[in-house]
Amino acid sequence: MERVNLLVREMELAMDGSRPFEDKVFKLPYKVGVDLGTSNVVITVLDQEDRPVGGALEKAHVVRDGIVVEYVRAVTLLQEMKKRLERRLGTVLHEAATAIPPGISPGNVKVITNVVEAAGFRLIQVIDEPEAAAKVLRVRSGAVVDIGGGTTGISIIRNGEVAASADEPTGGVHMTLVISGNLNVDFATAEQLKHDPEQHRMLSPIVQPVIEKMANIAMSYIPQDIETVYLAGGSCCLQGIEKVFAKYTSLNVRKPDNPLLVTPIGIAMSAKGDGLCCPPKP
1 MERVNLLVRE MELAMDGSRP FEDKVFKLPY KVGVDLGTSN VVITVLDQED RPVGGALEKA
61 HVVRDGIVVE YVRAVTLLQE MKKRLERRLG TVLHEAATAI PPGISPGNVK VITNVVEAAG
121 FRLIQVIDEP EAAAKVLRVR SGAVVDIGGG TTGISIIRNG EVAASADEPT GGVHMTLVIS
181 GNLNVDFATA EQLKHDPEQH RMLSPIVQPV IEKMANIAMS YIPQDIETVY LAGGSCCLQG
241 IEKVFAKYTS LNVRKPDNPL LVTPIGIAMS AKGDGLCCPP KP
């Protein structure tokens with residue numbers, strides 16, 4: 001997990017817009033990942049050796065349970081992020097990969113791909129979200145549980161390959177709703193509390209039933225011979241979630257320091273196009 005944490009930390013630094021872009025003799029062409037999440041829209045850029053080059057993240061609720069609910073807003077936001085990132089990197093980002101929750105309908109997949117293409121990318125790869133996370137985590141055998149804002153995705157990995165995937169509509173939004181109801185605060189305030197590490201100890205007993213439900217969902221898909229669960233996704237940023245999973249499942253549970261960026265980085269890793277991704281600007 002140390003290698004994963006280092007990679008994610010490098011991406012955090014690369015995404016820091018207050019820092020000047022440092023061209024570290026990256027190996028071109030760049031690989032681009034687009035993650036349209038329930039709570040965040042993320043673009044990640046890697047070089048051909050999977051070294052973080054740059055990225056952008058905006059909080060937005062343009063997707064719900066794997067379904068795009070604000071199409072125009074999603075396209076506009078992604079266009080703005082793309083242009084801002086291109087200016088910073090001094091290059092044009094033509095190609096991109098994206099990810100979907102496992103098992104969503106072909107129609108919903110098409111809408112997600114339309115958003116990416118309408119924003120100005122040529123879409124070259126669509127990958128399941130937990131499969132993208134598994135690329136970063138380098139899982140040879142185990143279960144990857146990707147808990148986003150709206151869904152919990154599970155991929156079973158055997159011999160480094162995805163053997164099965166599933167997705168259920170329970171995620172961070174459900175935690176926020178429980179916090180809102182228990183503390184009698186509005187959704188926005190509950191969301192702020194959830195993202196404040198100083199509040200996690202207080203929130204832990206409130207959201208534990210939701211986490212146990214997520215663990216129960218995961219266990220319903222995990223075969224008995226699987227010994228390790230790898231957590232990813234923004235909702236896993238809640239401190240102590242891995243302990244609840246470990247207690248509930250009796251399995252070895254591993255979580256990187258910043259689970260939010262694991263899947264977006266894995267999406268970029270999967271972007272293998274024809275080399276036209278990022279020609280330098282004239």
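With the first letter of the sequence shown counted as 1, position 89 gets the number 89 in my numbering; the numbers rise by one all the way through.
Just so you know, even glycine gets a beta-carbon here, dropped at the ideal spot from N, CA and C.
As assigned by DSSP and simplified to three states, the class of residue i
| i | result |
| --- | --- |
| K59 | strand |
| G54 | strand |
| E49 | coil |
| L231 | strand |
| L36 | strand |
| K286 | Since the displayed the chain opens at 1 and closes at 282, residue 286 lies outside it and no answer follows. |
| P279 | Residue confidence is low: P279 scores 47 on pLDDT, short of 50, so the model does not pin down where it sits. No coordinate-derived value is stated. |
| V8 | helix |
| K83 | helix |
| V262 | helix |
| V292 | Lying outside 1 to 282, the shown extent of the chain, residue 292 is not represented and no answer is given. |
| V178 | helix |
| V185 | coil |
| P29 | coil |
| V68 | strand |
Cβ-Cβ distance between residue i and residue j below 8 Å
| i | j | result |
| --- | --- | --- |
| K31 | L7 | no |
| S39 | G172 | yes |
| I124 | L85 | no |
| V210 | V185 | no |
| K135 | G266 | yes |
| V62 | V145 | no |
| E80 | R122 | no |
| V68 | I112 | yes |
| P223 | G33 | no |
| V41 | E58 | yes |
| V53 | L78 | no |
| P256 | V92 | no |
| E10 | L261 | no |
| P130 | D65 | no |
| A215 | V244 | yes |
Which listed residue (the options) has its alpha carbon closest to that of residue i
| i | options | result |
| --- | --- | --- |
| G55 | V25, M15, D35 | M15 |
| N182 | S141, G107, P205 | P205 |
| K82 | I104, V116, V68, V62 | V116 |
| A246 | V262, S235, E227 | E227 |
| Y71 | R51, A119, S105 | A119 |
| V162 | A190, T189, A133 | A133 |
Checklist entry - Quick one: complete alpha helix (DSSP H) runs, 4+ long, within the region 87 to 171? => result 106 to 118, 129 to 137
Along the chain, which unbroken stretches of the beta strand (DSSP E) at least 3 residues long are found entirely within the region 191 to 251?
228 to 232
Would the region 156 to 166 count as touching the region 247 to 265 if we require 3 or more Cβ pairs under 8 Å? no
- [ ] Would you check if there are 3 or more beta carbon pairs closer than 8 Å linking the region 143 to 151 to the region 161 to 177?
- [x] yes
| task | Please confirm if the region 96 to 108 is in contact with the region 136 to 145, defined as three or more CB-CB distances below 8 Å between the two stretches. | result | no
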